[in-house]
Amino acid sequence: MIRVVVSGAAGRMGETVCDAVEAAADLELAGRADPALGVELAEALAGADVAVDFTTPDTALENVRACLAAGVHAVVGTTGFDPDAARAAAHDARAGGGRANVFAAPNFAIGAVLLMSFAAEAARHMGAAEIVELHHERKLDAPSGTAKRTAELIREAGGDVHEPIHSVRLPGLVAHQEVILGCEGQTLTIRHDSIDRRSFMPGVLIAVRAVGDLPDPFTVGLDKLLQPVE
Ligand code: NAP
Numbered sequence: 001m002i003r004v005v006v007s008g009a010a011g012r013m014g015e016t017v018c019d020a021v022e023a024a025a026d027l028e029l030a031g032r033a034d035p036a037l038g039v040e041l042a043e044a045l046a047g048a049d050v051a052v053d054f055t056t057p058d059t060a061l062e063n064v065r066a067c068l069a070a071g072v073h074a075v076v077g078t079t080g081f082d083p084d085a086a087r088a089a090a091h092d093a094r095a096g097g098g099r100a101n102v103f104a105a106p107n108f109a110i111g112a113v114l115l116m117s118f119a120a121e122a123a124r125h126m127g128a129a130e131i132v133e134l135h136h137e138r139k140l141d142a143p144s145g146t147a148k149r150t151a152e153l154i155r156e157a158g159g160d161v162h163e164p165i166h167s168v169r170l171p172g173l174v175a176h177q178e179v180i181l182g183c184e185g186q187t188l189t190i191r192h193d194s195i196d197r198r199s200f201m202p203g204v205l206i207a208v209r210a211v212g213d214l215p216d217p218f219t220v221g222l223d224k225l226l227q228p229v230e
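Under the numbering used here, the sequence shown has 76 at position 76, and the numbering climbs by one with no breaks.
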C-alpha cells in the first residue's frame with residue numbers, strides 16, 4: 001500500500017486526485033494539505049510515502065523542498081514554477097544522503113503527451129510552428145507549462161516555434177492545445193482537449209506508483225513512464 005498525501009487538496013485538481021487515490025486499491029489517502037483546510041504540507045507528510053502537489057507557481061518549489069527534507073517522494077503537477085531550482089534541490093538532497101525522488105509533469109493526460117510527441121515528429125518535416133493553448137479563466141500562469149514543454153521538444157527536433165505562444169483564457173474551457181505547423185502550400189494542425197480533470201488521473205497514478213523507483217532524483221515528463229499498449 002502506498003500512502004499518499006495530496007497538497008492543494010481543496011483545489012480543483014487536488015480534489016480530483018484525492019478521489020482517484022481513494023478509488024485505487026493499492027493506494028491510501030494519508031493526508032490532505034491545503035490552506036483552506038488549515039493543514040500545512042509539512043505536518044501532513046509524517047508517515048507518507050508520496051506527496052502529490054497541485055498548488056500554485058509560488059508554493060510548489062517550497063513544497064518540493066519540504067518533501068525532500070521529510071524523505072517523501074514528490075509528484076508535481078503544478079505548472080509555472082522553476083523546474084531548474086527543483087532539480088537542484090533534488091540533487092542537493094541526494095548528495096546530502098536523502099532518498100526521495102521528484103517527478104514533475106506539465107501535463108498528465110495521455111493525449112497531451114502524444115500531442116507533444118507527434119508535434120516533435122512533425123517538426124522534423126514541417127519546421128515552422130505556432131502553439132495556441134486554451135485554458136479556464138482562473139489558470140494563474142501563461143503560457144501553460146504544456147505549451148512551454150511542447151515548444152522545447154519542437155525546437156530540440158529542429159523546428160522553429162514562433163513567439164509569442166498564444167494563450168486564451170475563457171470560462172467553459174478546461175485545458176486545450178493546438179500546434180499548427182506550416183510549409184509551402186499546406187498546414188498540419190494537431191489538437192488535444194482535456195474536457196474533464198479526470199483525464200489527468202491515470203497519469204498521476206502511474207507517477208505515484210513509479211516515483212519511488214526512478215533512477216534519478218529529478219525526472220520531468222510523463223513520456224518517461226509510459227509503456228505502449230500491448
Ligand atoms: P486551484 O483550484 O487554485 O488549486 C490550488 C490549491 O492549492 C488551492 O486550494 C490553494 O489554496 C492550494 N494551496 C496554495 N498554497 C498551498 C500550499 N503551500 N500548500 C498546499 N496547498 C496550497 O488550482 P488547480 O486548477 O487545481 O491547478 C493547480 C495547479 O495544477 C496549477 O499550477 C495548474 O496549472 C496545474 N495543472 C496541472 C496539470 C497537469 O497535468 N500537470 C493539469 C491541470 C492543472 P488557496 O486557494 O487557499 O491558495
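Glycine is no exception: its CB is placed at the ideal position from the N, C-alpha and C atoms.
The beta carbon of Leu45 sits no closer than 8 Å to any heavy atom of the ligand NAP. The C-alpha of Leu205 is placed about 8 Å away from the C-alpha of Ala20. Assignment of Ser117 by DSSP, reduced to helix, strand and coil, places it in the helix class. Secondary structure at Ser144: coil, using DSSP grouped into helix, strand and coil.
In this model, Leu37 and Gly127 are separated by some 48 Å (Cα to Cα). Apart from the 5 residues on each side of it in sequence, Leu173 sits with its Cβ closer than 7 Å to the Cβ of Leu134, His135, His136 in its chain, given in chain order. Taking a 10 Å sphere around the C-beta of Met116, we find 16 or more other C-beta atoms and assign the residue as buried. Counting of Cβ neighbours within 10 angstroms places Val161 among the buried residues, the total reaching 16 or more. In this structure, DSSP gives Glu137 a state outside helix and strand, which the three-state scheme calls coil.
Per DSSP, the unbroken alpha helix (DSSP H) holding Arg65 starts and ends at 60-70. Scanning its chain for C-beta atoms nearer than 8 Å, with the 5 sequence neighbours on each side dropped, one finds around Ala46 the residues Ala70, in chain order. In this structure, Ala48 is the residue among Glu22, Pro202, Gln177, Ala48 with its C-alpha nearest to the C-alpha of His73. The Cβ-Cβ distance between Gly221 and Ala120 does not fall below 9 Å.
Counting the other Cβ atoms within 10 Å of the Cβ of His192 gives 16 or more, which makes it buried.
Fewer than three beta-carbon pairs drawn from the segment 187-203 and the segment 82-96 are found closer than 8 Å, and the two stretches are therefore not classed as touching.
Within 8 Å of the C-beta of Asn63 there is at least one heavy atom belonging to the ligand NAP.
Restricting attention to beta strand (DSSP E) runs no shorter than 3 residues, the segment 162-200 encloses them at 166-169, 175-183, 186-194, ordered along the chain.
Taking a contact to require three or more Cβ pairs closer than 8 Å, the segment 2-9 and the segment 51-69 qualify as touching.
For Ala20, the secondary structure class from DSSP, reduced to helix, strand or coil, is helix. Taking C-alpha positions only, Arg209 is separated from Lys148 by approximately 26 Å. The residue from Arg124, Arg94, Pro217, Arg169 with its alpha-carbon nearest to that of Leu188 is Arg124. Secondary structure note for Ala95: its alpha helix (DSSP H) is the uninterrupted segment 83-95. Residue burial annotation: Gly31 is buried, with at least 16 other C-beta atoms found within 10 angstroms of its C-beta.
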